[in-house]
Amino acid sequence: MQDLSEPFNSEAFRKQGHQIIDILADYLDQITSKKLDQVLPAITPDEMLVNWSDDFPNKPGNDLAELAKKVISQSNHLHHSGYVGRQVSTPLPIAALSELMSSFLNNSSVVYEMGPVNTVMEKSIVNWMAKLIGFGSDSDGFLTSGGTLGNLTALLAAIHIKSGYDIWKDGIKDSNPISILVSEQAHYSIKQAIQIMGLGEDGIIPIPVDKIYSMDINALEIKYQEAVNSGRKVIAVVGSACTTKTGSYDPLNYIADFCEKYDLWFHVDGAHGASALISNKYKSLLKGIERADSVIWDAHKMLLMPALITAVIFRKGSNSYEAFAQKASYIFEKKWYNLAHRTMECTKTMMSLKLYMSLSMYGTDYFSNYVTKMYDLAEKFGQILEEVPDFDLAIKPQSNIICFRYITKGVPDINELQKQIRKNIHNKESFYIAKTRLKDKIYLRCIIINPLTTEYDLMNLLDTIRNSA
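Below, the structure written as structure tokens:
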């Protein structure tokens with residue numbers, strides 16, 4: 001029988017670790033020296049499936065270095081300067097090393113004794129974010145596995161607090177249907193959360209947006225009155241900071257005024273855009289966020305962290321216990337350091353470690369400069385797009401998200417042209433971009449999230465688009 005202790009041999013692990021680090025360091029060198037041409041390999045899902053067989057060996061045999069190089073070569077290269085396509089960060093190498101430590105130690109955050117260091121680190125990360133938001137010392141929160149789960153958790157707290165009865169015990173009452181006001185440009189996870197909570201499609205009241213795709217505050221009042229007059233109980237408004245499609249910030253101060261007027265819960269989905277709070281130049285975009293009842297903030301979007309790490313922060317800390325009110329005496333005590341009764345997860349990774357180590361190593365100024373640079377570069381790119389006649393800019397960017405179209409004469413279907421351009425670009429493998437639909441028009445969409453992307457790269461992108469049309 002095979003010796004089960006063999007994979008735990010320290011010298012074997014040291015050798016394997018050096019192999020992986022050397023391969024990743026060489027890969028990073030390729031990227032930073034512009035020697036890697038492709039961003040996303042043009043491999044179809046069916047072709048990829050053939051490359052990764054489910055026929056695993058019974059005995060040891062595969063070479064670690066070959067396997068690692070194969071994984072890297074067939075992956076989307078998020079450190080490539082041509083990666084401008086999604087709201088997934090280019091991770092700091094130190095954060096990746098922290099993930100290695102996290103996976104090796106495998107300390108959970110269910111209760112303090114299962115993860116003493118990361119539990120306290122999590123508290124410090126949440127405190128740091130809460131101060132940037134503008135919350136007081138009585139605020140509190142936790143980290144969870146992504147913005148979708150974060151939004152669901154915050155809205156569960158909202159419905160328990162604002163419904164007027166014990167939903168955990170009695171369920172939703174048909175006699176007084178509950179609704180939540182949401183921008184029509186809000187992330188799909190908001191609508192998903194509302195329906196998961198059992199409020200149905202009618203529980204989502206979409207609010208029209210203005211010409212820059214921010215929530216129309218006049219429409220907010222109209223939609224609220226319509227809902228109330230139809231017999232619905234409105235409990236909350238969700239503000240986007242910023243929207244996923246265009247990077248637009250909702251008018252948070254106006255929404256806060258509205259929520260105070262009608263005693264509604266104010267939740268801010270700051271998954272992408274809350275990181276602007278660390279930029280002295282751009283933090284004013286979030287004016288009013290300090291008045292929110294709850295905020296979510298993804299560090300795996302604009303804080304250079306590998307996925308996943310989302311903060312859910314409550315202005316009134318005691319509200320952080322409201323989402324999950326179950327009782328299990330062998331697990332739960334109402335202490336800040338026993339986190340399980342505040343999150344959906346009963347087991348979660350040491351997600352605080354990567355951000356804590358990165359902040360400690362590089363300092364907060366590094367992250368402030370990063371956010372400022374990305375937003376500045378997006379603004380510059382927007383100016384360039386406005387000046388060239390063959391491109392149409394949807395709106396001036398407020399963040400690091402830019403939507404634009406390539407326009408040329410003699411093409412009957414401009415929407416189809418954008419789709420074909422994106423497909424052709426990906427086949428060339430030199431850039432990775434996204435697309436989106438705004439008012440029945442298809443736009444190419446860039447997210448300038450990679451600190452290695454420069455203005456020169458963006459000019460090359462425009463030339464590549466022209467050559468791909």
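The sequence shown lines up with residues 1 to 469 when you count with my numbering. Note that the Cβ used here is the ideal one computed from N, Cα and C, for glycine as well. None of these values were measured; they are calculated from a predicted model.
Under the three-state DSSP convention, the category residue i falls into
| i | result |
| --- | --- |
| Ala328 | Caution applies to Ala328, whose pLDDT of 41 falls short of 50 and renders its modelled position unreliable; the model cannot decide the point. |
| Trp52 | coil |
| Pro45 | helix |
| Phe8 | helix |
| Phe404 | strand |
| Tyr337 | coil |
| Thr310 | strand |
| Lys69 | helix |
| Met344 | coil |
| Met305 | coil |
| Pro206 | strand |
| Thr246 | coil |
| Asp37 | coil |
| Ser214 | coil |
| Ala258 | According to the sequence displayed, residue 258 carries Phe and not Ala. Looking at Phe258 - three-state DSSP - the assignment turns out to be helix. |
| Phe13 | helix |
| Asn253 | helix |
Residue range of the unbroken alpha helix (DSSP H) whose run includes residue i
| i | result |
| --- | --- |
| Thr464 | Glu455 to Ser468 |
| Val371 | Thr364 to Glu387 |
| Ser124 | Pro116 to Ile133 |
| Asp170 | Ile167 to Asp170 |
| Phe142 | Per DSSP, Phe142 belongs to no alpha helix (DSSP H); it is in the beta strand (DSSP E), Asp140 to Thr144. |
| Gln195 | Tyr188 to Ile196 |
| Gln87 | Element bounds for Gln87: n/a, residue is neither H nor E. |
| Lys423 | Ile414 to Lys428 |
Within 8 Å, strictly: CB atoms of residue i and residue j
| i | j | result |
| --- | --- | --- |
| Val209 | Ala276 | no |
| Gly147 | Thr310 | yes |
| Ile255 | Gly239 | yes |
| Val268 | Ile289 | yes |
| Leu181 | Ile159 | no |
| Ile442 | Gln418 | yes |
| Asn427 | Ala42 | yes |
| Phe404 | Asp390 | no |
| Ile447 | Gly61 | no |
| Gly141 | Val120 | no |
| Gly382 | Lys396 | yes |
| Ser81 | Thr454 | yes |
| Phe266 | Val228 | no |
Residue i versus residue j - alpha carbon distance
| i | j | result |
| --- | --- | --- |
| Val110 | Asp138 | 22 Å |
| Ser10 | Gln16 | 10 Å |
| Asp457 | Asn118 | 38 Å |
| Ile21 | Leu100 | 11 Å |
| Arg342 | Thr144 | 10 Å |
| Ile331 | Thr153 | Note that Ile331 scores a pLDDT of 45, beneath 50, so its modelled location is shaky; the value from the coordinates is reported in the next line. For Ile331 and Thr153, the distance between alpha carbons rounds to 19 Å. |
| Ser329 | Trp128 | The predicted position of Ser329 is uncertain, since its pLDDT is 42 and thus under 50; no value can be drawn from it. |
| Ile194 | Phe314 | 19 Å |
| His272 | Glu47 | 33 Å |
| Lys123 | Trp336 | 8 Å |
| Ala96 | Ser352 | 13 Å |
| Phe13 | Leu105 | 14 Å |
| Asn450 | Glu379 | 15 Å |
| Leu64 | Leu24 | 13 Å |
| Ile207 | Leu220 | 6 Å |
| His18 | Val71 | 17 Å |
Residue nearest to residue i in terms of C-alpha spacing, selected from the options
| i | options | result |
| --- | --- | --- |
| Met215 | Ala227, Ala241, Glu416 and Leu355 | Ala241 |
| Ser294 | Lys34, Trp52, Ile161 and Pro389 | Ile161 |
| Leu444 | Ser430, Met459, Tyr406 and Glu201 | Tyr406 |
| His79 | Ser98, Lys301 and Ser89 | Ser89 |
| Gly150 | Leu40, Val312 and Ile178 | Val312 |
| Thr464 | Asn338, Asp166, Lys287 and Ile433 | Ile433 |
| Phe431 | Asp440, Pro412 and Leu462 | Leu462 |
| Gly203 | Gly134, Lys173, Ser284 and Trp168 | Lys173 |
Boundaries (first-last residue) of the beta strand (DSSP E) holding residue i
| i | result |
| --- | --- |
| Arg437 | Ala434 to Leu438 |
| Arg445 | Lys441 to Ile447 |
| Lys233 | Lys233 to Ser240 |
| Leu181 | Ile178 to Ser183 |
| Gly82 | Gly82 -> no beta strand (DSSP E), and no H or E assigned at all. |
| Val268 | Trp265 to Asp269 |
| Ser294 | Ser294 to Asp298 |
| Leu393 | Phe391 to Leu393 |
Neighbour flag for residue i against chain D, beta carbons, 8 Å
| i | result |
| --- | --- |
| Ile20 | Going by chain labels, chain D is absent from the structure shown, which holds only one protein chain. |
beta-carbon residue i near the ligand NAD non-hydrogen atom, thresh 7 Å
| i | result |
| --- | --- |
| Tyr249 | As presented, the structure is devoid of all ligands, the ligand NAD included, so that no description of it is given. |
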